[in-house]
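For the sequence shown, full-length UniProt numbering gives the first residue as 1, with consecutive numbering after it.
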Amino acid sequence: MDKFIPVAVPHLSGNEKKYVMDCMDTTWISSNGKYVSEFEKQFSKFIDAEYAISCCNGTVALHVPLIALGLKPGDEVIIPSFTYIATANAVKYCGATPVFADCLLDTWNIDPEDIKRKITSKTRGIIPVHLYGNPCDMDAIMEIAREHNLFVLEDAAECHGAEYKGKKAGTMGEVGTFSFFGNKIITTGEGGMIVTNNKELDAKMRQLKGQGQDPNKRYWFTEMGYNYRMTNVEAAIGLGQLEKIDEHIADRKKVASWYMEELKDMNDYLQFQKVTEGSTSVWWMFSVLLRDSVKVSRDKVMEMMRARGIETRPLFYPMHIMPVYYDVKAECPISEKVAASGMNLPTHALLTREDIKYICDTLKSIIL
């Protein structure tokens with residue numbers, strides 16, 4: 001194999017090392033330190049939210065606000081079946097039940113009409129997931145939430161900086177959450193962020209992520225909380241990444257445009273994720289669906305791509321077909337179709353135009 005092109009590579013080209021070494025030199029390596037507060041401050045500015053709360057990963061970034069919003073056993077939360085499992089797990093951590101809604105065939109995001117069909121007397125909220133960097137139809141979702149008095153928690157784990165009608169993803173519901181895993185648009189290795197414009201929720205979530213300690217009285221605990229804090233070292237990496245986030249997003253948009261150009265004659269064989277009307281995608285992952293005209297299975301295509309030095313990944317499996325959620329019955333045929341026929345192509349800042357051409361030429365040679 002002459003070359004290997006991975007799906008994702010973190011791009012550490014800014015002040016990350018400088019800031020981390022400052023943590024080492026000053027011995028501020030745990031969850032206290034100037035980089036934690038500065039990362040939160042600068043992220044809130046970037047995302048246009050009043051408050052930003054750092055935490056140790058994107059899954060707990062979902063768990064904390066659900067607790068703060070009062071989710072309890074017996075409650076239901078509507079989420080897309082077509083998403084990463086963390087969204088469903090965070091609901092289960094609270095003893096509540098995730099109710100799976102189908103996705104749309106064009107955007108692959110949650111279908112507002114199916115949300116309406118899944119609402120019951122037990123429904124407390126909706127968690128739309130801005131999948132692969134593409135914002136959901138938030139006007140429709142917020143209208144449903146207002147009509148039924150439901151909270152909206154935006155899972156923007158993959159969607160740093162994307163916009164819907166001029167508003168940043170993560171800022172339209174009561175709470176928004178982000179992941180900084182190593183393959184995300186910006187990374188802290190592991191890590192997450194919660195954003196909100198609600199002062200009371202901000203205070204509640206900060207207390208919960210810090211073991212429930214009273215913010216004004218050390219070692220005095222008025223809540224049962226969790227140790228969900230981000231370290232100063234992680235925040236130092238995050239701040240270095242955030243300083244160059246516009247460049248990171250521009251790189252992904254450039255990669256997506258190269259894919260579109262190279263594959264423009266493949267519409268009879270490939271379907272691309274449609275960007276929601278009025279939105280800008282940040283293309284966390286450029287992905288394709290194989291149409292029925294392709295006679296090679298998706299898994300065989302991925303295997304043959306790998307043999308030629310190109311890593312791909314399957315799209316997320318729907319939650320309702322996962323063994324861990326067999327007891328949560330749902331019919332989501334579009335989610336099943338999208339998941340079975342789709343794959344992520346390499347999407348990161350280090351790709352060249354020549355890399356994209358090689359990937360696309362290889363893909364064409366396999367499916368034509």
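Just so you know, even glycine gets a beta-carbon here, dropped at the ideal spot from N, CA and C.
Self-check item: N344 in three-state terms, based on DSSP
Solution: Note: N344 maps to strand in three-state DSSP.
Practice problem: Give the DSSP bridge partners of R313, in chain order. | Solution: Partner(s): N344.
Exercise. Return the first residue and the last residue of the beta strand (DSSP E) that R124 is part of.
Key: In the DSSP assignment, R124 falls within the beta strand (DSSP E) that extends over T123 to I126.
Quiz item: If we call anything under 9 Å between Cβ atoms a contact, is L208 one with V99?
Solution: With respect to the 9 Å criterion, L208 and V99 are not classified as neighbours on the basis of their beta carbons.
Exercise. Please report how far the alpha carbon of residue 385 lies from the alpha carbon of A157, in whole angstroms.
Key: For the chain, the structure presents residues 1 to 368; residue 385 sits outside this window and is missing.
Practice problem: Kindly indicate which three-state DSSP category P135 falls into: helix, strand or coil? | Solution: P135 sits in coil when the DSSP states are folded into three classes, being neither helix nor strand.
Practice problem: Rounded to whole angstroms, what's the CA-CA distance from I5 to A61? Just pull it up for me. | Solution: C-alpha separation (whole angstroms): 31 Å.
Exercise. Please list the segments of the beta strand (DSSP E) lying wholly inside the region 39-84, counting only runs of 3 or more residues, in order along the chain.
Key: Counting whole runs of 3 or more residues, the region 39-84 contains the beta strand (DSSP E) stretches 51-55 and 76-80.
Quiz prompt | Paired residues, beta bridge with I153 - DSSP | solution = Strictly speaking, residue 153 in this sequence is Leu, with Ile absent from that position. Note: L153 sits in a beta bridge opposite V175.
Self-check item: Selection from N232, V328, M260 and K357 that minimises the alpha carbon distance to Y19
Solution: Nearest C-alpha to Y19: N232.
Practice problem: Tell me whether M193 sits in a helix, a strand or coil according to DSSP, three-state version. | Solution: Three-state DSSP puts M193 in a strand.
Quiz prompt | Helix, strand or coil at L12 according to DSSP, with G and I counted as helix | solution = In this structure, L12 counts as coil in the three-state DSSP scheme.
Quiz item: Mind checking whether F43 and M230 have CB atoms under 9 Å apart?
Solution: In this structure, M230 does not lie closer than 9 Å to F43 by Cβ.
Quiz item: Using the rule of at least 16 other Cβ atoms within 10 Å of the residue's Cβ for burial, across every protein chain shown, is Y219 buried or exposed?
Solution: With fewer than 16 Cβ atoms within 10 Å of its Cβ, Y219 is classed as exposed.
Exercise. Give me the Cβ distance between I310 and P333, rounded to the nearest whole Å; I'm assuming they're in contact under 8 Å.
Key: About 30 Å separates the beta carbons of I310 and P333, which is beyond the 8 Å limit, so they are not a contact pair.
Quiz item: Between which two residues does the beta strand (DSSP E) harbouring A101 extend?
Solution: Counting along the chain, the beta strand (DSSP E) containing A101 begins and ends at T97 to A101.
Self-check item: Inter-stretch contact (C-beta, 8 Å, three-pair minimum) for the region 263-278 and the region 237-252
Solution: Result no; under three Cβ-Cβ pairs closer than 8 Å.
Practice problem: Along the alpha helix (DSSP H) that carries Q207, what are the first and last residues, could you check? | Solution: Looking at the DSSP string, the run of the alpha helix (DSSP H) that includes Q207 is K199 to K209.
Practice problem: Would you mind listing the beta strand (DSSP E) stretches within the region 223-292 that are 3+ residues and don't spill past its ends, in chain order? | Solution: The qualifying runs are 270-272 and 286-290.
Quiz prompt | Spatially closest choice to G212 from E143, E223, A203 and D251, by CA coordinates | solution = Of E143, E223, A203 and D251, the smallest CA-CA separation from G212 is found for E223.
Practice problem: Give every residue of the same chain whose Cβ lies closer than 6 Å to the Cβ of I53, excluding the five residues on either side of it in the sequence, and list them in chain order. | Solution: Close CB contacts of I53 within its chain, under the 6 Å cut and outside five residues either way in sequence, are with I194, M205 and R206 (chain order).
Self-check item: Three-state class that DSSP yields for K3 in the structure shown
Solution: Annotated three-state conformation of K3 is coil, per DSSP.
Quiz item: Do you know offhand how far I359's Cα is from F178's?
Solution: Our two residues, I359 and F178, have alpha carbons roughly 29 Å apart in a direct line.
Self-check item: I115 (DSSP reduced to helix, strand or coil)
Solution: I115: helix per DSSP, three-state reduction.
Exercise. Can you give me the start and stop residues for the alpha helix (DSSP H) that E331 sits inside?
Key: Membership of E331 in any alpha helix (DSSP H) is not indicated, and neither H nor E is assigned to it by DSSP.
Quiz item: If we ignore side chains and look at the alpha-carbon of each, how far apart do I367 and N344 end up?
Solution: When only Cα atoms are considered, I367 and N344 end up about 16 Å apart.
Self-check item: Beta-carbon separation (whole angstroms), A235 vs F39, contact threshold 8 Å
Solution: About 4 Å separates the two Cβ atoms, so the contact holds.
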